[in-house]
Amino acid sequence: MVTLCQQAEKSAAPPNSPGLRQPAQGNENQMNKKGYFGNWGGAYIPEVLYETFRQLNEAFEQVKNDPAFWQEYVDLMSTYSCRPTPLTHAENLSRHFGGGQIYIKREDLNHTGAHKANNVMGQGLLVKRMGKKRVIAETGAGQHGVATATMAAKFGFACTIYMGEEDVMRQRPNVFWMEKMGATVVPVTSGARTLKDAINEAFRDWVSSMDDTHYVMGTVCGPHPFPEMVAWFQSIIGIEARKQILKQFGKLPERVYACVGGGSNAMGIFQGFLADRAVDLIGVEAGGKGIETGQHAARLASSDASVGVAQGYKTMFLQNSDGQMLDTHSVAAGLDYIGVSPILSDLWEKKRVRFAAATDTEVMAALDLTMKKEGIIPALESTHAFVQAFKEAPELQPDQAIIINQSGRGDKDIFTIAHAFDDPSWKAFIRGKGADYAA
Amino acid sequence: MQLEQQLRAARAQKDILLMTHLVLGYPSFEVNREVIRQMVENGVDIIELQIPFSEPMADGPVIMMANQEAINAGATVKQCFEFAAEMAATYDIPFLFMTYYNILFKYGEEEFFKKSKEIGIKGFIVPDLPPEEGDKYLALARQYELAPIQIFAPTSREERMRFLAANGAGFIYCVARKGVTGKKSSFNEEFATYMARCRAATDLPLAVGFGIADRSDVETLTGKADIAVIGTATIKLVEEKGPAAVGPFIASLR
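Same order as they appear, the protein sequences are chains W and H. Position one of the first sequence corresponds to residue 75 (the numbering used here), numbered consecutively onward. Position one of the second sequence corresponds to residue 4 (the numbering used here), numbered consecutively onward.
Okay, structure coming up:
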């Protein structure tokens, strides 16, 4: 760990993220003007936030064109988090499937255990420049909330995290850490009490607090400039991964896999390879209990979603014919969301990114195999990408490679994962602990 | 008659007009029907019918919950149209639809305008659709002569207000303060300055909403605004005391 962190090289600074501009090129003017990626995105915001977004756009435009800002970000991530994160050759899994060489991009080795740290620290630097004193954020599983709380503690910002009441119940350890780092966690009791409702609540805070408060959107969704901005910070993943695979394997991978909730880790790694047209990019969504059951969160991998406008942007949403959003399901809270990044909808429409879905059951099997074969514990979210990669690895030759983006680590999710495995000795342990506390 | 003329005619008779709001299907269309009867009989001049949406980003807890309950109770956009048609046919005052853009978008914008015109709706308030995103919406509003009501906020600059007014019709909805619906606003000096800025930016009638709950609020607005908007207050009242309390409440406001 220590040596990896110390190795932090000066990452080639992309004042404009390398890949992002490529697919949007035909629509570049439109995107610059209104924040659209092809037909997707935009800024459907209430008037009271117009001025706030104008200022945010201006601040982001400034830093985007300032190489010193990117360098400050890279330096910060190499000393506070663990960048560059390694690219691990999964030799045992590669041999097991007998096809292509499987490489894993280790975003799990970031501080707080997920790629969320990238975006959050980047936005933290931006907040410092804007001179705001307080940050708010939504969180689903709690990873983005924990990352935001660490950033706020480090930079001395006040911090409020909105989290669906359901998720507060499911993810107590993350709530514990957020509170310990000084954040206020507000359980959201409206709607389905999950991620989308936390986003609505964060907006409700922001419409009165915007003078001194920045909303740290956790993913590549929401109104412009959030999709572009979060993708820009996350592009650090793909920039590193491309360099690493060329150095370690000697050529580009055939395919790159990433799980897709809102889409930030996927956009992060995909941007490194968007310009390499021969590299197949695959986004893996939550198949939940199976697409046919309707209990899933597959926006682009199923035919259940349709075009809509909600939470400030236009994308494919899981909604009914009236436009009311549906309840979604996944074993992985981080993928359990009604919409998907407008950038990914665009790349899907242009057939640059292919989408698949992994069911809860497939995820548990792939997680088990990865732990046994490699001693690596991917988060349930990340494991979705492993499922699809495992299905396809045998199609490739041993002199070809694939990369899986391991967006987060699973050991932080011990309660959820132990529950998903229905582990009897873990249950006995919890019962014992419960008895201790009850006594 | 178009909305603006209709409001100007009403305003010539009264110092300030009252606009009320309700969420369709909450708690039921039956209760909506009774509430509207009480409102109209007690002198309400214009009514905002909110078609419920599952993600009402600009609304506070009371209206948000009303949206959810209406959807949970099975209220559909089709039912909302049927009910609105009945109200517009029964009463002489103008009715507006308030909703979020996705409802129009999924219904088909042109179809939504066509149907609204057909049943006698006079205009729309769509808080998450700024003019920048509303090319088609604004063109349809002109075509069907329905008022695309624009919103001013205390954070809107003068130039922005002029731009919004140029894209609006009927009246301007001035949000009294930052934040979401349903919390108390203080009508202080800062507010007076804001209203003066709104007045300077447009000739359209000005409605003021967010946090208006009693007679003294309405009195304060008289002379500064053309229309006082009562939203959350009547929803709370119906929740606490039932629809019969609405009439006396409305009568007490002016």
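The beta carbon of each residue, even a glycine, is placed where N, CA and C say it ideally should be.
key: Contact residues within the segment 190-221 of chain W, judged by C-beta distance below 8 Å to chain H   = none
inquiry  = Please report the straight-line C-alpha distance between L167(H) and G256(W), rounded to a whole angstrom.
reply    = 41 Å
ask   = Which ranges would you report for the beta strand (DSSP E) in the segment 218-285 of chain W if only whole runs of at least 3 residues count?
value = 232-238, 258-262
query = Can you tell me where the beta strand (DSSP E) with P151(H) in it begins and where it stops?
reply = 150-155
ask   = Using the C-alpha atoms, what's the distance from L99(H) back to A349(W)?
value = Each residue's Cα considered, the two are about 49 Å apart.
task = Would you tell me roughly how many angstroms separate the C-alpha atoms of G238(W) and V249(W), rounded to the nearest one?
result = So the alpha carbons of these two residues sit roughly 11 Å apart.
task = Label D485(W) either buried or exposed according to how many other C-beta atoms from any shown protein chain fall within 10 Å of its C-beta, with 16 as the threshold for buried.
result = exposed
request  = Please check if any C-beta of chain W sits within less than 7 Å of the C-beta of V183(H).
outcome  = Cβ-Cβ to chain W under 7 Å: yes for V183(H).
inquiry  = Just to confirm the assignment, what range does the alpha helix (DSSP H) spanning G198(W) have?
reply    = 190-204
ask   = Are the C-beta atoms of E239(W) and some chain H residue less than 7 Å apart?
value = Judged by the 7 Å Cβ criterion, E239(W) is not in contact with chain H.
key: Pairwise C-alpha distance: E359(W) and G335(W)   = 7 Å
ask   = Of all the CB atoms in chain W, is at least one closer than 7 Å to the CB of F115(H)?
value = no
task = Label D18(H) either buried or exposed according to how many other C-beta atoms from any shown protein chain fall within 10 Å of its C-beta, with 16 as the threshold for buried.
result = Answer is exposed; the Cβ neighbour count stays below 16.
query = When Cβ atoms are compared, which residues of the segment 71-103 of chain H fall closer than 7 Å to chain W?
reply = Q71, I74, T79, V80
query = Would P97(H) pass as a contact of K118(H) if the rule is Cβ separation under 7 Å?
reply = no
key: Under 7 Å between C-beta atoms of T389(W) and G368(W)   = Taking 7 Å as the cut-off, the Cβ atoms of T389(W) and G368(W) do not count as close.
query = What do you reckon, are the CB atoms on T237(H) and T23(H) nearer than 7 Å?
reply = With respect to the 7 Å criterion, T237(H) and T23(H) are classified as neighbours on the basis of their beta carbons.
message = For the segment 255-284 of chain W, list every residue whose C-beta sits within 7 Å of some C-beta in chain H, in sequence order.
response = S264, G265, K270, N274, F277, R278, V281, S282
ask   = Roughly how many whole angstroms lie between the Cα atoms of M195(W) and N184(W)?
value = 11 Å
message = If you follow the alpha helix (DSSP H) that M90(H) is in, where does it begin and where does it stop?
response = 80-93
message = For the segment 289-323 of chain W, list every residue whose C-beta sits within 7 Å of some C-beta in chain H, in sequence order.
response = If the cut-off is 7 Å between Cβ atoms, the segment 289-323 of chain W has nothing near chain H.
request  = Identify which residue in T158(H), E51(H), F116(H), Y29(H) has its Cα closest to the Cα of N70(H).
outcome  = Y29(H)
message = Between which residues of its own chain and Q104(W) is the CB-CB distance below 8 Å, once the five residues before and five after are set aside?
response = With a pLDDT of 37 at Q104(W), under the threshold of 50, the modelled position of this residue cannot be trusted, and the question is left open.
inquiry  = Rounding to the nearest angstrom, what Cα-Cα distance links H189(W) and Y110(H) in this structure?
reply    = 38 Å
request  = Answer yes or no: do L52(H) and L21(H) have a C-beta to C-beta separation smaller than 7 Å?
outcome  = no
task = Give the interface partners of D220(H) over in chain W, defined as CB-CB distance under 9 Å, in chain order.
result = Simply none; closest approach about 19 Å.
task = Within its chain, find whatever has a CB closer than 7 Å to the CB of V65(H); leave out the 5 residues flanking it on each side and keep chain order.
result = G185, T235, I238, K239
Distance between G198(W) and F229(W) (C-alpha atoms, nearest Å) = 7 Å
ask   = Considering only residues of the segment 462-500 of chain W, which uninterrupted beta strand (DSSP E) runs meet the minimum length of 3 residues and lie entirely inside it, listed in chain order?
value = As far as the segment 462-500 of chain W is concerned, its whole beta strand (DSSP E) runs of at least 3 residues are 475-480.
Y147(H), DSSP secondary structure in three states = helix
inquiry  = Give me the residue from Q385(W), D497(W), Y331(W), M291(W) with the minimum Cα distance to V209(W).
reply    = M291(W)
task = Out of A76(H), G46(H), A142(H), D48(H), point me to the one whose CA is closest to A169(H)'s CA.
result = A142(H)
Under 8 Å from the C-beta of Y118(W): neighbouring residues of chain H = Y104, D131, L132, P133, E136
message = Using 7 Å as the threshold, is the C-beta distance between T258(W) and T234(W) below it?
response = yes
task = Can you tell me which of the three DSSP states A509(W) falls into?
result = helix
query = Whose Cβ in chain W lies nearer than 9 Å to the Cβ of M67(H)?
reply = S264, G265, N274, R278
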